[in-house]
Amino acid sequence: MTGVTSAPWRESFDFDRPDIQYLKIKDSAEKFAVVQFGVCPFRWDPLSHSFLAHPHNFYIFPRQEIPGDGLSNEFLCQTSSLEFLAKYQFDFNKCIYEGISYLSRSQEEEALRQLDSLYNDNSGYSSSNSRNDADAQLVRMADILFTERMKYTVSEWRAGLLHEGNTGSGFRGSLNTMNQTFQTTFFQMRPALVLNGLSSRQLRLIKLVTEKDFKDLAYVHVTGENSVAQKLIVYTDSTSDRDLLMSEVKACQKKDSLVKIKSAIGFRHVIDLLSSEKKLIVGHNCFLDLAHVYSKFFGPLPLTAEEFVSAVRKYFPNIIDTKVLINSNDELFLLMRKGSTSLSKAFGVLCPPIGPGGTSSDVAGKPRVKVEVQVDDQRFSNWNSGAKHEAGYDAFMTGSVFSQSCRNLGIDFNSVLNLPQNEKLQKYINHLYLSWNNKDIIDLKTGKILVESLGSNNNTSTKRRNPKFVFSNTVLLWGPPSKLRAKDIRDCVCKVFGVGSIVSICHLDETAAFVQFSKEELVSDFLELKDSLEREKNSPVSILHPLSKILEGGFVRAANYEMYKDICGSSLSQVLFAEQAEVVASNPKAGVVKLAVEVDSYYPNELLSDSCMK
Amino acid sequence: MFFKRFLCSHTAAARRRHHHGKQWSVKQVTNSNFSEALPEIKACIFNSDFVAVSLQKTGGHSATWQRILPIDTAETAYMKVKDAATRFQILQFSVCPFSVKGSKVIAHPFNFHVFPRDELKVGMPSYSFSCQSSYLTSMAREGFDFNACIYNGISYLSKAQESAAKIQTGNLSPVNGAVEPSSVYSVADTIFMERIESRVKNWIRACKDSNKTEVADALISSLRKLVAGSEVFGSRPSLTIDVCSERQVPLVIEALKEFVDVVPLHVTAKGVGVQAVRAVLTSSKEDKTLLEKEIQDTEHEQRKLVRGFREVIDLISTSQRPVVVHNSLYDLALIHSKFQAPLPSTMDEFKNSLLSLFPHTLDVNHLMKEIGPFDKMNNVQAALSYLERRFSAPIDMDISNQAEEPENTNTHGHNVLRVCQLFVKLCSILKIPLEFPEGERITQLAPSLQRTSNTFSSKVHTADDDGVGIRSGNSEKVSTDNLVFLWGLKNRKSSRNLKNLICDSYNVLSEEFDVRMLDRTCAVVVFWNAGVLDRFLGMVEGSGGEGLRCARYNTYRRVCESGLWKADLAECFDETLDESETLSRTEAKLEESVIYWNDDEMINLDDL
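Residue numbers (the numbering used here), protein chains in the order written: chain A, 684 to 1297; chain B, 26 to 633.
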């Protein structure tokens, strides 16, 4: 992906409620572009008792293949993410020059609809045209002269045609000075005049002349064989023949645009395949990846996590997250020695490199799952692409981790017929981390957040925020940088509401902080007090009031936790939270944004379809 | 103004020149050779009369209506440009100092690859930036090397960011210049100075003593150091003198003047200004100069790391050379926001701030208008070939860069050469003298240039623009009061269809108004007569039900000011109107503004 967070405060925090976590993920998926996509199908080979993996690494780029609606494909780049990609030798040239473009399902539908309306409109076009002909008087002297000259040229060409009955060589002779501009050819078995090197205004005038003064000539605009746009004046036998020609041209144009749209789908064919095969999809901490996939290849992301989850279920019914798997299973978690559960670490532990002897070492008493890799008809038993953080390699690692995890769970690949239905996986399937930071797991089947991660759990993975954050007890403060010091806030508030009134203060960034009170009433008390102090700004009471110290005469603003949701839901992303909050707060409707149509953005994404055995 | 017919013999010359153009060599500068290139370009800038500048950026405008339209006043145009300049990024910056001698242009083109890498790990210069895939694709078509740019582009910090970074990181800086001794010292000040003096005296004595008695025990010497508060700066002893306020800093410096061997340094810390003064003791006069040089060098290194590419901007700025730009408003806004400071909120502030950076900016686009109505000549190449066809103004480009490796025939940065070629050509057609007598520095531009300097073409004629001969035949002056914005159309319409619709359903004669689509959702209607406009507004508001909505220019201004840059203008209007219904309509400051209604179709070639 070209980035993860569009502003520092969009990172995931402990005090984000699940709905806010989703909004942050949604924002990220909408703003950034995907530049590399790894897919690695795995197939169990019962004969050799090993998996066969086919890692693929796709460079993709949101190129604009079909003319949009004045909307440009735009995406955000996070500077640090680009530096990260550069560190791992990502080839930007390859991506931008040759990356595969794509079109989401909704974009395709929209394009097709436009195409339809365009060609249906045109049928009524000629009738509405009549009035405009009168309208478009020729104003400039140059226009009138040009029109007259064209009228003469065209009629001479036509006369030449009629007299000689063929290519009109006489015409060419008489106008050889202009033969760069006018060339006679044949179009759909009819003689035609090609117009080259004229300005759009001139062409418009010619079109006008042809339509007004020559009943048997048609002005058409076609795309030639080598996709060069051509303007032609075509001679037709009669009015009916002209209409026939026009409809032929129109049908042809429509077909061309249709082909263009179909070819613009590009990389989405891969996603469509993944979806239609209904295979088990394995990812590592893949909620964000899933959001990217949805927003790039299906359609705009829904407003809530529940809607999103139910929409995803339609396309990908079986998803398993190896990060969830490793963290939720006691045995696997112990194997990781309570260390980090990043993909490369898990791969290192679960799939250690096979020694030179070729004997597969056991992983925690369980036999090692053999994974062979096939790339371009070549098989490797110990494959290493060498490119760290390359999406294809990441996908391969994820699949390997998954297959070894299954073996450790006691799943026998030879006897299991349908992996997604395997009871040993039921506890983990379709469970994803909404955000790793909070360890909130979302169940894709129900859209519910599982608060206590998967029953049987070890304490370490459920180390919850302490003390528990109570959202309704919280006030959001924002203001100019360096005005909000936790100590000052605590001092002032304690003076007013008593010593035990504040539970905690967390900073969002240098311009904003959350103040958590001990009781819910204190939130409204605080906000009311603040309002009244600001109303009587200059009265001695408010000047001397201890709270005035942090309010800075109205420069520091405050709101409850719901405002935070509105602010996160906005499509804007100012770097400083206070700036963002100001814009959103001053445009009340901007908070509940419909989708900003910034369709596109992201980076390596490991997704893998695990072809389960028959 | 005289026109010369395009002659046959000229074609050959033009072709030859074009062919010649392919061999133009532009010095390519990346992070690796930036240090060497800097003195080189410095010399070039100071030896030239003009500096042409051209940028390669990651995007222009996100939606159709967000580019500068003929209906924009200077203020709304600036709001649009401000938004774009903050969001998009410069990836390539070409600079070409040049002078004119007769029909010969002596040019020294440089092309800098720029990337906002976070060199100091402080989250600057830029957290993120937007890219438009169409811009990137067209850059790719020209063979732009994105890897070179991202891997090896030169980073930078703007002036504002630099001062912020200094405060953030905290460092030592030498006391520069003589701090003028304030004439009045209070009693407390004098006592403070005396105390400092005696303390420093003791410390110096202690240092010199310990130098003599080298046998001193390690423990004792470290104890002594602790007592004296003495530290080591490099290999030299130093003493940190804490101050309670910024006011005491000059006092300390003044007190330290007594000691010839002591070099004072400011210690700045995060969040607060100068926190202490560090006095470094040197052994002799030579040693002192050595130390001063050392400090200067480290500061230089640091500065290079911090400022990066901005050094070039600073050079152009200090040289006071006129800056020649094409498409000036956007480019200058970009330069300002990336290298100077965040863009101010109004056009006037921006202009003032820019004047302090570049005293003279010359816009090629603007000069083009002096010749004729070429509103659509956004493209330098198109403008050049147009001039080639219509005027005879042979210009010889003399590119005096040491020929680099001949295989390096990439075309990066050629645009800047075209800009300066176009500029010189225009001036020669307009008979504006560009030569400066030997030895005489440019203090005053030729009067005809003076007039065009610092006006930003944006297809907007700003208030300060007398615009002689600019008003072209087909653009008419229209007051912004005569404009109505119309949206809520059920399906997409062409402006023609919409015009017919208005004629039919609102009983307005087609001669009384004109319609242009601004984007797929919104149109602007111009009425030649205010009475008709009022009648029309009343009818639209009255009919209500059809979903058609309208607003006047003030609302449009508010849309631009609100910072809600939605893809569809209609959506922005809806939101702005909803908001203003809840708020009372307090702001009613009517500015007398005038725009030019252009009769041509509005779709311009993208300035790619």
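We put the beta carbon where it would ideally sit given N, CA and C, even for glycine.
None of the values given here were measured: they were computed from a predicted structure.
Q: Report the rounded CA-to-CA distance for Cys723(A) versus Gly1075(A), giving the unit in angstroms.
A: 7 Å
Q. Opposite Tyr918(A) in the DSSP bridges: which residues?
A. Leu900(A)
Q) Buried or exposed: where does Lys524(B) fall if 16 or more other Cβ atoms within 10 Å of its Cβ makes it buried? A) buried
Q.
Do Val905(A) and Leu891(A) have their beta-carbon atoms positioned less than 8 Å apart in this structure?
A. no
Q | Cβ contact (3+ pairs, closer than 8 Å) linking the stretch 130–144 of chain B and the stretch 174–181 of chain B | A | yes
Q) Which one or two residues does DSSP pair with Lys107(B) in a beta bridge? A) In DSSP, Lys107(B) forms no bridge with anything.
Q. Between the C-alpha atoms of Lys310(B) and Asp286(B), what's the straight-line distance to the nearest angstrom?
A. 7 Å
Q. In the DSSP assignment, what are the bridge partners of Trp1161(A)?
A. Ala1195(A) and Arg1240(A)
Q. With a CB to CB cut of under 7 Å and the five nearest residues on each side skipped, what residues in its chain are close to Ser993(A)?
A. Gly1130
Q) Between Arg583(B) and chain A, is there a C-beta pair that is closer than 8 Å? A) no
(Q) Please state the DSSP three-state secondary structure of Tyr977(A). (A) helix
Q. So, are the CB atoms of Leu1115(A) and Val1007(A) less than 8 Å apart?
A. yes
Q. By the criterion of Cβ-Cβ separation under 7 Å, what are the contact partners of Asp899(A) in chain B?
A. Within chain B, no residue comes near Asp899(A); the closest Cβ sits about 26 Å away, beyond 7 Å.
Q. Mind listing which residues of the stretch 370–388 of chain B have their C-beta closer than 8 Å to chain A's C-betas, in chain order?
A. none
Q: Taking only beta-carbon positions, decide if Ala165(B) is within less than 8 Å of chain A.
A: yes
Q: Out of Ala712(A), Ile743(A), Asp1192(A) and Gln719(A), point me to the one whose CA is closest to Pro983(A)'s CA.
A: Ala712(A)
Q | Whole-angstrom distance between Lys52(B) and Phe448(B), CA atom to CA atom | A | 21 Å
**Q.** Where the stretch 761–794 of chain A meets chain B: residues whose CB sits under 7 Å from a CB there
**A.** Gln761, Thr762, Ser763, Leu765, Glu766, Ala769, Asp774, Phe775, Asn776, Ile779 and Tyr780
Q) In whole angstroms, what is the alpha-carbon distance linking Ser342(B) and Ser453(B)? A) 26 Å
Q) In chain B, which residues lie with their C-beta within 8 Å of the C-beta of Gly686(A)? A) Ser153
Q | With 16 other Cβ atoms within 10 Å as the buried cut-off, status of Glu430(B) | A | Note that Glu430(B) has pLDDT 44, beneath the 50 cutoff, so the model's placement of it is unreliable and the number below is only indicative. The residue is exposed, with fewer than 16 neighbouring Cβ atoms inside 10 Å.
Q) Is Met149(B) buried or exposed, if buried means 16 or more other CB atoms sit within 10 Å of its CB? A) buried
Q: In the DSSP assignment, find the unbroken beta strand (DSSP E) run with Ala994(A) in it and report its ends.
A: Careful: Ala994(A) lies outside any beta strand (DSSP E), inside the alpha helix (DSSP H) at Ala988 to Tyr998.
Q) Can you list, in chain order, the residues of its chain whose CB lies under 8 Å from that of Leu1255(A), leaving out five sequence neighbours each side? A) Gln1263, Val1266, Val1267 and Ala1273
Q: For the stretch 732–748 of chain A, enumerate the residues whose C-beta is nearer than 9 Å to any C-beta of chain B, in chain order.
A: Phe744, Pro745, Arg746 and Gln747
Q: Kindly examine the ligand GDP and report whether one of its heavy atoms sits closer than 7 Å to the Cβ of Pro458(B).
A: This structure simply doesn't include the ligand GDP, nor any ligand for that matter.
Q | is_contact[Asp108(B), chain A] using C-beta, thresh 8 Å | A | no
Q) In terms of residues, what are the limits of the alpha helix (DSSP H) holding Met3(B)? A) In the structure as shown, chain B begins at 26 and stops at 633. Residue 3(B) is therefore absent and cannot be evaluated.
Q) What are the start and end residues of the beta strand (DSSP E) that includes Gly966(A)? A) Leu963 to Gly966
Q: Since I believe Leu928(A) is in contact with Arg873(A) (beta carbons under 8 Å), could you give me their beta-carbon distance rounded to a whole number of angstroms?
A: 7 Å
Q. If you drop the 5 nearest sequence neighbours on each side, which residues of the same chain put their C-beta closer than 7 Å to that of Val444(B)?
A. Ala77, Ser79, Val349, His351, Val389 and Val405
**Q.** Closest by C-alpha distance to Val1176(A), when choosing among Lys1213(A), Val1153(A) and Leu1191(A)
**A.** Lys1213(A)
Q: Tell me Ile1250(A)'s beta-bridge partners as DSSP assigns them.
A: Answer by DSSP bridge pairing: none, since Ile1250(A) is not bridged.
Q: Would you be able to state if there are at least three C-beta pairs under 8 Å between the stretch 954–962 of chain A and the stretch 991–1005 of chain A?
A: yes
Q) If we ignore side chains and look at the alpha-carbon of each, how far apart do Phe8(B) and Asp539(B) end up? A) Since the first residue shown for chain B is 26 and the last is 633, residue 8(B) is missing from the structure and cannot be characterised.
Q: Would you decide whether Glu596(B) is buried or exposed? Buried here means 16 or more other CB atoms lie within 10 Å of its CB.
A: buried
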